[in-house]
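Asks:
There are 2 protein chains.
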Amino acid sequence: MEYYSEKISRLIAELGSLPGIGSKSAQRLAFHILGMPDEKVKKFTDTILDAKTNVRYCKSCFCLTDRDVCPICSNPNRDKKQIMVVENTKDMAAYERIGKFNGLYHVLNGVISPMLGIGPSDIKIRELIVRLQQEETEEVIIATGSSVEGEATGMYISKLLKPAGIKVSRIANGIPVGGDLEYIDEVTLLRALEGRVTI
Amino acid sequence: MEYYSEKISRLIAELGSLPGIGSKSAQRLAFHILGMPDEKVKKFTDTILDAKTNVRYCKSCFCLTDRDVCPICSNPNRDKKQIMVVENTKDMAAYERIGKFNGLYHVLNGVISPMLGIGPSDIKIRELIVRLQQEETEEVIIATGSSVEGEATGMYISKLLKPAGIKVSRIANGIPVGGDLEYIDEVTLLRALEGRVTI
């Protein structure tokens, strides 16, 4: 980066520190930003700071939102009997996008990972238990990822909840629709076989 | 984006308006930024605004720099007899990176493009002529891109300069070193043949 003057190099370095932005992309983005009108750049940085300042956890489900209670939790038409437990706000959005789940969510904001020193108390598990004691939940649907950590976190929560008599389910593993068996990993193939349904 | 609250959606939209950032990348970047410590986000936006405010054209070669005259133009050890004409600051950096060209640059900051309504007076051609009248230039090396516009811009400059008795050259087109003939486009193959050198 020593081929650019200091302020340009610093801009490239900052952009390059973002995930998925390599050094070529960082250069392209930097020159794009330098070529933008001043007011557009100001709007860009204002939007970043505004989001950073105002986005917080929903007091109920702990998704990231700019309100005290997110639109889903405050929607009286959502079915309060079902709570889907997801790792993060992006995963919640993925299920919202299909528009077929009408229950509530609980966003853990992480997974248990002994390797990274993240224990059950570092993610929003205690908050889930508190919610279940206060709300009329009948079923908790575990939708953590299928990574080792995601699976372990799901198992941990399931073991915590079962004694309380709450139905706990897990979203199905299997072949993605349209997926070609040839390219599917072995664990998924095995899960799909184990989880076969009578037709 | 209606699955996120407004300030998050706006952040995703701003990030997604950058070149090469699709909607998935914009979401990942947005949540990455929301997860960064406050002071890191402030440093990020400050760096953007600082660069945008202070980066300007070098008064001599018109590259983007944070000084009045860029480090290359103000370096007494550079050979003032050669000026390489490039489209933009990134292309200048590409040649600086190899460290084998010790002359000066002239950055056009664009190419002539009748389609986009960009004429010779919209890029730094007049400034190049002024420079050549004042400086001790012996050779102008055209290094504009090999797009139709880049070629045409190079030709235009070449025709302007030749009557003044300045040597004008163009960087060679040909097969990239390590390039597989099979995958090289026809125009490049033809140029490589035309430009063959005796060995």
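Listed in order, the protein sequences are those of chains A and B. Those letters in the first sequence? Residues 1 to 199, per this note's numbering, in order. Those letters in the second sequence? Residues 200 to 398, per this note's numbering, in order. A virtual CB, placed ideally from N, CA and C, is assigned to each residue, including glycine.
When the cut-off is 8 Å and only beta carbons count, does E14/A lie next to chain B?
Replies: yes
Asks: Measuring CB to CB, does I141/A end up less than 8 Å from V85/A?
Replies: yes
Asks: Report yes or no: is there a C-beta of chain A within less than 8 Å of the C-beta of R266/B?
Replies: yes
Asks: How far does the beta strand (DSSP E) with K81/A in it extend, from its first residue to its last?
Replies: Membership of K81/A in the beta strand (DSSP E) is indicated by the continuous run 79-86.
Asks: Tell me the rounded alpha-carbon separation between D68/A and V55/A.
Replies: 9 Å
Asks: Do I112/A and I118/A have their C-beta atoms closer together than 8 Å?
Replies: yes
Asks: Taking a Cβ distance cut-off of 9 Å, strictly less, list which residues of the region 212-233 of chain B are near chain A, in chain order.
Replies: A212, E213, L214, S216, L217, P218, G219, I220, S224, Q226, R227, L228, A229, F230, H231, I232, L233
Asks: Between which residues of its own chain and S5/A is the CB-CB distance below 8 Å, once the five residues before and five after are set aside?
Replies: none
Asks: In this structure, how does DSSP classify R330/B when only helix, strand and coil are distinguished?
Replies: helix
Asks: Does the beta-carbon of D91/A have 16 or more other beta-carbons within 10 angstroms, so that it is buried, or is it exposed?
Replies: buried
Asks: Could you tell me which chain B residues have their CB closer than 7 Å to the CB of D50/A, listed as they occur along the chain?
Replies: Contact annotation for D50/A against chain B: K206 [CB-CB distance below 7 Å, chain order].
Asks: Please give the ranges of any alpha helix (DSSP H) in the region 201-250 of chain B, keeping only runs that are unbroken, at least 4 residues long and fully inside the region.
Replies: 205-215, 222-234
Asks: Going by Cα to Cα distance, which pick from T65/A, C58/A, C61/A is closest to D50/A?
Replies: T65/A
Asks: Are there 16 or more other CB atoms within 10 angstroms of the CB of A164/A, so buried, or fewer, so exposed?
Replies: exposed
Asks: Does the distance from the C-beta atom of L104/A to that of I83/A stay below 8 Å?
Replies: Yes; because the gap between Cβ atoms is below 8 Å, this pair is in contact.
Asks: Counting only the same chain and skipping the five closest in sequence on each side, list residues whose C-beta sits under 6 Å from that of E139/A.
Replies: Q82, K167
Asks: For C269/B, which residues of its own chain have a beta-carbon under 8 Å away from its beta-carbon, when the five flanking residues on both sides are left out?
Replies: So the list reads C257, S259, C260, C262, once near-sequence residues are dropped.
Asks: Buried or exposed: which applies to R209/B, given that a residue is buried once 16 or more other Cβ atoms fall within 10 Å of its Cβ?
Replies: buried
Asks: Could you tell me which chain A residues have their CB closer than 8 Å to the CB of N178/B, listed as they occur along the chain?
Replies: There is no way to answer for residue 178/B, as the model of chain B reaches only from 200 to 398.
Asks: What residue range does the alpha helix (DSSP H) around I98/A cover?
Replies: 89-98
Asks: Based on Cα-Cα distance, which residue from D384/B, Q226/B, T246/B lies nearest to N88/A?
Replies: Q226/B
Asks: Which full runs of the alpha helix (DSSP H) of 4+ residues lie inside the region 140-170 of chain A, going along the chain?
Replies: 148-161
Asks: Would you verify that the beta carbon of E96/A is, or is not, closer than 8 Å to some beta carbon of chain B?
Replies: yes
Asks: Considering only residues of the same chain and omitting the five flanking positions on each side of S23/A, which have a CB-CB separation below 7 Å?
Replies: G16
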